[in-house]
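Enquirer: Top to bottom, those sequences are chains X and E. The first sequence runs contiguously to residue 828 in our numbering. The second sequence runs contiguously to residue 828 in our numbering. Glycine included, every Cβ here is placed at the ideal spot set by N, Cα and C. Sharing a structure below in structure tokens format, with a few things to ask.
2 protein chains.
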Amino acid sequence: MKQFFLLVERIISRVNASLREYDFHVDAYINAVTDPRKMLEYYATYAVTSKHPLRLHFTGSNIAGSYFLGKCYVHDSVVYKSDLRGDELKRKGDLAMGVKQLPLTEDEFILIRNSFLFRTLIHSRSHNIETPEELFVRNSVAAHYSNIHGSTLEGCYLGVFATVDQMSLHSCVVGDFSYLQVDKLFHHVIKPGTVWIEKDEFSFHYTLPSEILRRYITFDADHRPTGILFDFVDGKKADFDRIYDNIKIGKLRIPATSTVNRFSLIKGRTKIGENVLISQRAYLDNAEMGRGSNAQENTFIVHSKLTGYDITAHGAKIIHSQLGENIFVAFNSFLNGKPEAPISIGKGCIIMAHTIIDSDEAINIPEDHLVWGFIGSPSDLATNSVALSVLRQSRELSIGDMTFSGDGNLFVEGYRATIHHILEHNGAFYSRGKNRGHAQDHQSTAINTIQPYHIGPRQGLYPSISIEP
Amino acid sequence: MKQFFLLVERIISRVNASLREYDFHVDAYINAVTDPRKMLEYYATYAVTSKHPLRLHFTGSNIAGSYFLGKCYVHDSVVYKSDLRGDELKRKGDLAMGVKQLPLTEDEFILIRNSFLFRTLIHSRSHNIETPEELFVRNSVAAHYSNIHGSTLEGCYLGVFATVDQMSLHSCVVGDFSYLQVDKLFHHVIKPGTVWIEKDEFSFHYTLPSEILRRYITFDADHRPTGILFDFVDGKKADFDRIYDNIKIGKLRIPATSTVNRFSLIKGRTKIGENVLISQRAYLDNAEMGRGSNAQENTFIVHSKLTGYDITAHGAKIIHSQLGENIFVAFNSFLNGKPEAPISIGKGCIIMAHTIIDSDEAINIPEDHLVWGFIGSPSDLATNSVALSVLRQSRELSIGDMTFSGDGNLFVEGYRATIHHILEHNGAFYSRGKNRGHAQDHQSTAINTIQPYHIGPRQGLYPSISIEP
Numbered sequence: 360m361k362q363f364f365l366l367v368e369r370i371i372s373r374v375n376a377s378l379r380e381y382d383f384h385v386d387a388y389i390n391a392v393t394d395p396r397k398m399l400e401y402y403a404t405y406a407v408t409s410k411h412p413l414r415l416h417f418t419g420s421n422i423a424g425s426y427f428l429g430k431c432y433v434h435d436s437v438v439y440k441s442d443l444r445g446d447e448l449k450r451k452g453d454l455a456m457g458v459k460q461l462p463l464t465e466d467e468f469i470l471i472r473n474s475f476l477f478r479t480l481i482h483s484r485s486h487n488i489e490t491p492e493e494l495f496v497r498n499s500v501a502a503h504y505s506n507i508h509g510s511t512l513e514g515c516y517l518g519v520f521a522t523v524d525q526m527s528l529h530s531c532v533v534g535d536f537s538y539l540q541v542d543k544l545f546h547h548v549i550k551p552g553t554v555w556i557e558k559d560e561f562s563f564h565y566t567l568p569s570e571i572l573r574r575y576i577t578f579d580a581d582h583r584p585t586g587i588l589f590d591f592v593d594g595k596k597a598d599f600d601r602i603y604d605n606i607k608i609g610k611l612r613i614p615a616t617s618t619v620n621r622f623s624l625i626k627g628r629t630k631i632g633e634n635v636l637i638s639q640r641a642y643l644d645n646a647e648m649g650r651g652s653n654a655q656e657n658t659f660i661v662h663s664k665l666t667g668y669d670i671t672a673h674g675a676k677i678i679h680s681q682l683g684e685n686i687f688v689a690f691n692s693f694l695n696g697k698p699e700a701p702i703s704i705g706k707g708c709i710i711m712a713h714t715i716i717d718s719d720e721a722i723n724i725p726e727d728h729l730v731w732g733f734i735g736s737p738s739d740l741a742t743n744s745v746a747l748s749v750l751r752q753s754r755e756l757s758i759g760d761m762t763f764s765g766d767g768n769l770f771v772e773g774y775r776a777t778i779h780h781i782l783e784h785n786g787a788f789y790s791r792g793k794n795r796g797h798a799q800d801h802q803s804t805a806i807n808t809i810q811p812y813h814i815g816p817r818q819g820l821y822p823s824i825s826i827e828p
Numbered sequence: 360m361k362q363f364f365l366l367v368e369r370i371i372s373r374v375n376a377s378l379r380e381y382d383f384h385v386d387a388y389i390n391a392v393t394d395p396r397k398m399l400e401y402y403a404t405y406a407v408t409s410k411h412p413l414r415l416h417f418t419g420s421n422i423a424g425s426y427f428l429g430k431c432y433v434h435d436s437v438v439y440k441s442d443l444r445g446d447e448l449k450r451k452g453d454l455a456m457g458v459k460q461l462p463l464t465e466d467e468f469i470l471i472r473n474s475f476l477f478r479t480l481i482h483s484r485s486h487n488i489e490t491p492e493e494l495f496v497r498n499s500v501a502a503h504y505s506n507i508h509g510s511t512l513e514g515c516y517l518g519v520f521a522t523v524d525q526m527s528l529h530s531c532v533v534g535d536f537s538y539l540q541v542d543k544l545f546h547h548v549i550k551p552g553t554v555w556i557e558k559d560e561f562s563f564h565y566t567l568p569s570e571i572l573r574r575y576i577t578f579d580a581d582h583r584p585t586g587i588l589f590d591f592v593d594g595k596k597a598d599f600d601r602i603y604d605n606i607k608i609g610k611l612r613i614p615a616t617s618t619v620n621r622f623s624l625i626k627g628r629t630k631i632g633e634n635v636l637i638s639q640r641a642y643l644d645n646a647e648m649g650r651g652s653n654a655q656e657n658t659f660i661v662h663s664k665l666t667g668y669d670i671t672a673h674g675a676k677i678i679h680s681q682l683g684e685n686i687f688v689a690f691n692s693f694l695n696g697k698p699e700a701p702i703s704i705g706k707g708c709i710i711m712a713h714t715i716i717d718s719d720e721a722i723n724i725p726e727d728h729l730v731w732g733f734i735g736s737p738s739d740l741a742t743n744s745v746a747l748s749v750l751r752q753s754r755e756l757s758i759g760d761m762t763f764s765g766d767g768n769l770f771v772e773g774y775r776a777t778i779h780h781i782l783e784h785n786g787a788f789y790s791r792g793k794n795r796g797h798a799q800d801h802q803s804t805a806i807n808t809i810q811p812y813h814i815g816p817r818q819g820l821y822p823s824i825s826i827e828p
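Given below as structure tokens:
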């Protein structure tokens, strides 16, 4: 695997060079979690539909376990078990972020160059108005279960379970389990467990206490990630291995208006309602998915009921929970209910990204509340949630470790609009041929597989591939 | 599927134009057997190894169920459930047919253009000294279960179960179940059931009586192929559907020196010896494969034992038969033994291409015999076999409907050399790291799948794909 190791070394050198001012080295993380034998076991998958502009181009890379729906170029990178779901890429002539003076001169594409992505979801379209045609990641390492949403990334390291959302970052270190949505960031180090949203109209900030974070995500002496959250996901890995054994979906009854991705894992008495979207690598076990609900990539829904129009955003885990209607469980949240201590969430709630609920007593969240941070017992709700009606009327708000300033109403309205946008795109409102979305369109996806070279000097790398209509 | 149908029409027009002097039209055959819905169900597969020069390029085609090991270009064609096994293609600098003045100026490649191939195997390398870099098929239709071995084909129609071997053909109609190896053929119509080998040194000719052929291969009122032989193969189709359900091979014990292709079908108490090669779409049910034996593409070995170093050439069927060592069962032979009427073949026998053995009584073929034509009872052996020792000494020989002239010894030696070459290439003689062949090398093959567009105007066609190292 000589050429493969050369590739990895080259990526490490480039990322280290970008982060030299912090004396930050990605070597230990990459070397601890890169198992070259694993690289040979997996298939990369890529989807072909008639609904997405097709152009895939891969050179000099390992693209194990990927998934591409739009135009995507991967060069000299390791894209390991990743999802690059470019299914909302802008087209030539579309306006960048709605700005009339900035029509796209070509179809938007995803570009990954000199980067190492571990089980990382790259989603949607670029929010960088300066390079509207390119949703790019260059010279970067994104650790396990990180999410990159519409982000430009250059010379960065994203920690385990980190999410960067609708922004661009250059030469930054984003700590484990941090959530960022701050427009632009140059040469910054973000502390692990940070949740930071910064817009012209408002600012939201919270940091998970480090002694709590350490229980959920930490590293062992060999630099391998571990902790309750990492171990939960890691413990389900073996289940996923078997989805590659079958091309066809089992005997699950799926309404004609819903899609269950062939690379999702469905167990137990799971029920799929109308207009439901189950994305690849979603894990459902005894899950009841009400009308218009979805389980996005890398989500887990176990012994839980989603009443309807509920969103399980990338990487969220919902266990022993009952959700009312219209609930948004944002990225990488961990709702760890137990049989004897279930979680109940009232309709209209917003569970912010990277929220952990893990209590030995039942947790009941009233309707229309915003929830964030860590809830280890019912009493923590006092310092980690607020009624949306209160937030709407706030200009300054400080509860527990959370501080908010700006226009509370705009903050809530922004979430409402996002939730509506996601449901609409996912086909939750489909009816009699109208309001089609992913739940209806993804059914006709052709899924193709490709394997790396099994032997020879290029072992572990994939052939160069170019695919167009 | 508008574009797909346009493609089919274009191919039909081109082949008809090439065969206009015979007023021969391929429309009826193609239209009777082309089920567009089937075209959507299958995956094309292509293999990637480090041992074969990689360059695959497909445009404007349906490539369902294919298999490519060397350089292969498919343009504006339907390659339906076919194997194009270019694993012995010549390399740049190799000499065309050993001629010193004809070194190849580039790696040899397979080229399929404006052609419709049904379940057709294209194998090995070009024997056309005039175009040594191209093993090409242009403007041609090859019907079900036909074999094209090292042949240049231009403007031809090959009938059902027809085989053309190591030659080139231009504007020819080759009848069903005919076997041809005659160097070159221009503007000819070959009668169904013909077995014709013509070299400078010898000539072999046999024609299966048409009333017998009709029992094995014929067409119904709708122009669909039928008959005992066609129905036998067609009846196993449903079994093959399930091989696409599993990526991994089951619990069969496979020696480290043998390969069982992931797209072969293994049933019953099948045993695989050392140095055995089971190719894709081989069907084994209660088969005992002795050391160094092989089952090539589209072969069937059912309730039979191959003692060792036995070759089952493309499309041969061996049922309720016991084979001694070193037996060559050539292309598309049909050894239809029954439990109460088994077939026993002594060591060193050569079963010529397109031989049918189908008797209600047991058939015993002594060692070192050549067998051809139709054997419907033990008494037919008198008119359809000869001891190799007799043939070696013959210059003219006429037995039953068979006529031979030329150097009998060279004829037998030619077969012996071919048999040795096949065993050698297949790795039958592998021992302690030496004499590697397909049985050893094909283990490390990465197999990739691709599907056609499921919806939209390109429904039934595949994306354009280009793959290189």
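So what does residue 422 of chain X bridge to, in DSSP terms?
Expert: Residue numbering aside, residue 422 of chain X sits at position 63 when the first sequence is read from its first letter. DSSP, once it has assigned bridges, lists no residue as partnering residue 422 of chain X.
Enquirer: Could you tell me the distance, in whole angstroms, from the CA atom of residue 554 of chain X to the CA atom of residue 720 of chain X?
Expert: What you label residue 554 of chain X is simply residue 195 of the first sequence in a count that begins at 1. What you label residue 720 of chain X is simply residue 361 of the first sequence in a count that begins at 1. Those two C-alpha atoms are separated by around 26 Å.
Enquirer: What do you get for residue 652 of chain X, buried or exposed, if any count of 16 or more other CB atoms within 10 angstroms of its CB means buried?
Expert: Sequence index remark: in the first sequence, residue 652 of chain X carries index 293 (1-based). Residue 652 of chain X should be labelled buried.
Enquirer: Against chain X, which members of the segment 803-825 of chain E pass a CB distance test of less than 8 Å?
Expert: For the segment 803-825 of chain E, which is checked against every Cβ of chain X, the residues closer than 8 Å are 803, 804, 805, 806, 807, 808, 809, 810, 811, 812, 813, 814, 815, 816, 817, 818, 822, 823, 824 and 825.
Enquirer: Where do the ends of the beta strand (DSSP E) carrying residue 667 of chain X lie?
Expert: Your numbering for residue 667 of chain X matches position 308 in the first sequence. Unbroken beta strand (DSSP E) run through residue 667 of chain X: 659-667.
Enquirer: Taking only the alpha-carbon atoms, compute the straight-line gap between residue 595 of chain X and residue 649 of chain X and give it to the nearest angstrom.
Expert: Numbered from its first residue, the first sequence carries residue 595 of chain X at position 236. Numbered from its first residue, the first sequence carries residue 649 of chain X at position 290. If you take the alpha carbons of residue 595 of chain X and residue 649 of chain X, they lie about 24 Å apart.
Enquirer: Just to confirm the assignment, what range does the alpha helix (DSSP H) spanning residue 376 of chain X have?
Expert: Within the first sequence, the letter at position 17 stands for residue 376 of chain X. 361-377 is the extent of the alpha helix (DSSP H) around residue 376 of chain X.
Enquirer: Using a Cβ-Cβ distance cut-off of 7 Å, determine whether residue 438 of chain X contacts chain E.
Expert: The sequence position of residue 438 of chain X within the first sequence is 79, counting from 1. No - not a single Cβ of chain E is within 7 Å of the one on residue 438 of chain X.
Enquirer: Note down, in chain order, every chain X residue with its Cβ under 8 Å from the Cβ of residue 828 of chain E.
Expert: The sequence position of residue 828 of chain E within the second sequence is 469, counting from 1. Those within 8 Å of residue 828 of chain E in chain X are 817, 822 and 823.
Enquirer: Quick one: what does DSSP say residue 462 of chain E is sitting in, helix, strand or coil?
Expert: Taking the second sequence and counting its residues from 1, the one referred to as residue 462 of chain E is at position 103. Residue state, collapsed to three classes: strand.
Enquirer: Unbroken beta strand (DSSP E) runs of length 3 or more, entirely within the segment 483-519 of chain E: which are they?
Expert: Correct list: 493-497, 506-508 and 511-513.
Enquirer: Quick one: is the Cβ of residue 723 of chain E within less than 6 Å of any heavy atom of the ligand COA?
Expert: The ligand COA is absent from the structure shown, which contains no ligand whatsoever.
Enquirer: According to DSSP, simplified to helix, strand and coil, what is residue 589 of chain X?
Expert: By one-based count along the first sequence, residue 589 of chain X stands at place 230. If DSSP states are grouped into helix, strand and coil, residue 589 of chain X belongs with the helices.
Enquirer: For residue 428 of chain E, go through chain X and note every residue whose CB falls closer than 7 Å to its CB, in chain order.
Expert: Within the second sequence, numbered from 1, the residue matching residue 428 of chain E stands at position 69. Correct list: empty, because the minimum Cβ distance to chain X is about 13 Å.
Enquirer: For residue 746 of chain X, which three-state DSSP category applies?
Expert: What you label residue 746 of chain X is simply residue 387 of the first sequence in a count that begins at 1. DSSP places residue 746 of chain X in strand when its eight states are reduced to three.
Enquirer: I need the straight-line Cα distance from residue 671 of chain E to residue 551 of chain E, nearest angstrom please.
Expert: Walking along the second sequence from the start, residue 671 of chain E turns up at place 312. Walking along the second sequence from the start, residue 551 of chain E turns up at place 192. In a straight line, the C-alpha of residue 671 of chain E is about 23 Å away from that of residue 551 of chain E.
Enquirer: In angstroms, rounded to a whole number, what distance separates the CA positions of residue 605 of chain X and residue 478 of chain X?
Expert: Residue mapping note: residue 605 of chain X aligns to position 246 of the first sequence, counting from 1. Residue mapping note: residue 478 of chain X aligns to position 119 of the first sequence, counting from 1. Only weak support is given to the placement of residue 605 of chain X: the predicted model assigns it a pLDDT of 41, under 50, and the value that follows is read from those uncertain coordinates. If you take the alpha carbons of residue 605 of chain X and residue 478 of chain X, they lie about 21 Å apart.
Enquirer: Determine whether the Cβ of residue 617 of chain E lies closer than 7 Å to any Cβ atom of chain X.
Expert: Taking the second sequence and counting its residues from 1, one reaches residue 617 of chain E at position 258. Chain X, which has no Cβ nearer than 7 Å to the Cβ of residue 617 of chain E, makes this no.
Enquirer: For residue 544 of chain E, which residues in the same chain have their Cβ closer than 8 Å to its Cβ, ignoring the five residues on either side in sequence?
Expert: In the second sequence, residue 544 of chain E corresponds to position 185, counting from 1. Once the five neighbours on either side are set aside, the close Cβ partners of residue 544 of chain E are 526, 527, 528, 529 and 531.
Enquirer: Could you tell me the alpha carbon to alpha carbon distance between residue 715 of chain X and residue 678 of chain X, rounded to whole angstroms?
Expert: Indexing the first sequence from 1 puts residue 715 of chain X at position 356. Indexing the first sequence from 1 puts residue 678 of chain X at position 319. C-alpha separation (whole angstroms): 12 Å.
Enquirer: Run down chain E in chain order and give the residues with a C-beta less than 7 Å from the C-beta of residue 611 of chain X.
Expert: If you number the first sequence from 1, residue 611 of chain X lands on position 252. The contacting residues do not exist; residue 611 of chain X stays about 16 Å from chain E at best.
Enquirer: Between the Cα of residue 642 of chain X and those of X:811, X:454 and X:660, spot the shortest distance and give me the residue it belongs to.
Expert: One-based indexing of the first sequence puts residue 642 of chain X at position 283. Taking only the C-alpha atoms, the option nearest residue 642 of chain X is X:660.
Enquirer: For the pair the segment 781-788 of chain X and the segment 632-646 of chain X, tell me if three or more CB-CB distances fall below 8 Å.
Expert: Yes: at least three Cβ pairs fall under 8 Å.
Enquirer: Taking the DSSP output, what are the residues bridged to residue 584 of chain E?
Expert: What you label residue 584 of chain E is simply residue 225 of the second sequence in a count that begins at 1. For residue 584 of chain E, which the question treats as bridged, DSSP gives the partners E:578.
Enquirer: Just to confirm before moving on: does the CB-CB distance between residue 709 of chain E and residue 812 of chain E stay below 7 Å?
Expert: Translated into the one-based positions of the second sequence, residue 709 of chain E becomes position 350. Translated into the one-based positions of the second sequence, residue 812 of chain E becomes position 453. Cβ atoms of residue 709 of chain E and residue 812 of chain E: not closer than 7 Å.
Enquirer: If we call anything under 7 Å between Cβ atoms a contact, is residue 482 of chain X one with residue 444 of chain X?
Expert: Here residue 482 of chain X is taken as the residue at index 123 of the first sequence, counted from 1. Here residue 444 of chain X is taken as the residue at index 85 of the first sequence, counted from 1. Result yes, Cβ atoms of residue 482 of chain X and residue 444 of chain X sit closer than 7 Å.
Enquirer: Can you grab the Cα-Cα spacing for the pair residue 769 of chain X / residue 701 of chain X, in whole Å?
Expert: If you number the first sequence from 1, residue 769 of chain X lands on position 410. If you number the first sequence from 1, residue 701 of chain X lands on position 342. Answer to the nearest angstrom: the Cα atoms are 32 Å apart.
Enquirer: At least one CB of chain E closer than 7 Å to the CB of residue 608 of chain X: is that the case?
Expert: Reading the first sequence from its first residue, position 249 is the one you call residue 608 of chain X. Residue confidence for residue 608 of chain X is low, a pLDDT of 41 falling below 50, so the modelled location carries little weight and cannot support an answer.
Enquirer: Pull up the distance between the alpha-carbon of residue 381 of chain X and that of residue 450 of chain E, whole angstroms please.
Expert: If you number the first sequence from 1, residue 381 of chain X lands on position 22. If you number the second sequence from 1, residue 450 of chain E lands on position 91. Using only the alpha carbons, I get a separation of about 52 Å.
Enquirer: Compare the C-beta of residue 377 of chain X with all C-beta atoms of chain E and state if any pair is closer than 7 Å.
Expert: Position 18 of the first sequence, counted from the first residue, corresponds to residue 377 of chain X. It does not: the Cβ of residue 377 of chain X has no partner Cβ on chain E nearer than 7 Å.
Enquirer: Cα-Cα, which of E:414, E:436, E:439 and E:440 is closest to residue 429 of chain E?
Expert: Locating residue 429 of chain E in the second sequence gives position 70, counting from the first residue. Ranking E:414, E:436, E:439 and E:440 by Cα distance to residue 429 of chain E puts E:414 first.
Enquirer: Hey, how far is the Cα of residue 795 of chain E from the Cα of residue 673 of chain E?
Expert: In the second sequence, the residue the question calls residue 795 of chain E occupies position 436. In the second sequence, the residue the question calls residue 673 of chain E occupies position 314. Roughly 21 Å separates the two Cα atoms.
Enquirer: Residues of chain E with CB under 9 Å from residue 409 of chain X, in chain order?
Expert: In the first sequence, residue 409 of chain X corresponds to position 50, counting from 1. Neighbours of residue 409 of chain X on chain E, chain order: 812, 813, 814, 815, 816, 817 and 818.
Enquirer: Thinking residue 360 of chain X and residue 819 of chain X are a contact (beta carbons under 8 Å), I'd like their distance in whole angstroms, please.
Expert: Start at 1 with the first residue of the first sequence, and residue 360 of chain X comes out as number 1. Start at 1 with the first residue of the first sequence, and residue 819 of chain X comes out as number 460. Correct: roughly 5 Å between the Cβ atoms.
Enquirer: Is there contact here, the segment 798-806 of chain E with the segment 376-391 of chain E, by at least three beta-carbon pairs under 8 Å?
Expert: Cβ pair count under 8 Å is below three, so no.
Enquirer: Could you check the C-alpha separation between residue 723 of chain E and residue 704 of chain E for me, to the nearest Å?
Expert: Your numbering for residue 723 of chain E matches position 364 in the second sequence. Your numbering for residue 704 of chain E matches position 345 in the second sequence. About 6 Å.
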